[in-house]
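Contents: one structure, followed by commentary.
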Amino acid sequence: MKTITLQEAQQCLPELIYLVEQGEEVFIIHDHLTVKLIIPPKTFKKRQFGQYTGKAQMSDDFNYPLPESFWLN
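In the working numbering, the protein residues as written are 67 to 139.
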């Protein structure tokens, strides 16, 4: 975590961008108050088609209508 003033941030923006790309969080302060937090974006794994094949099961009667007693009770 790096904390810098607004004036410093304006002077070294490319360096801050590099730090964030490396996973660093950057706090920018102005008049002793934190005014901005810059964090790296979350990365997601690319989904692979069929990765959950066989992981879920449905009953054989899944598409059958529900009994009348289900709706009345």
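Quick reminder that beta carbons are idealized off the backbone N, C-alpha and C, glycines included.
When the Cα atoms are used, I105 and L85 turn out to be separated by approximately 9 angstroms. Contact between L72 and V101 holds: CB atoms are separated by about 7 angstroms, below the 8 angstroms threshold. Counted as a single uninterrupted DSSP element, the stretch harbouring L132 is not any beta strand (DSSP E), since DSSP gives it neither H nor E.
In its chain, beyond the 5 residues on either side, no residue has a beta carbon closer than 6 angstroms to the beta carbon of M124. According to DSSP, residue pairing for I70 in a beta bridge involves I94.
A Cβ-Cβ contact shorter than 8 angstroms links E90 with K68.
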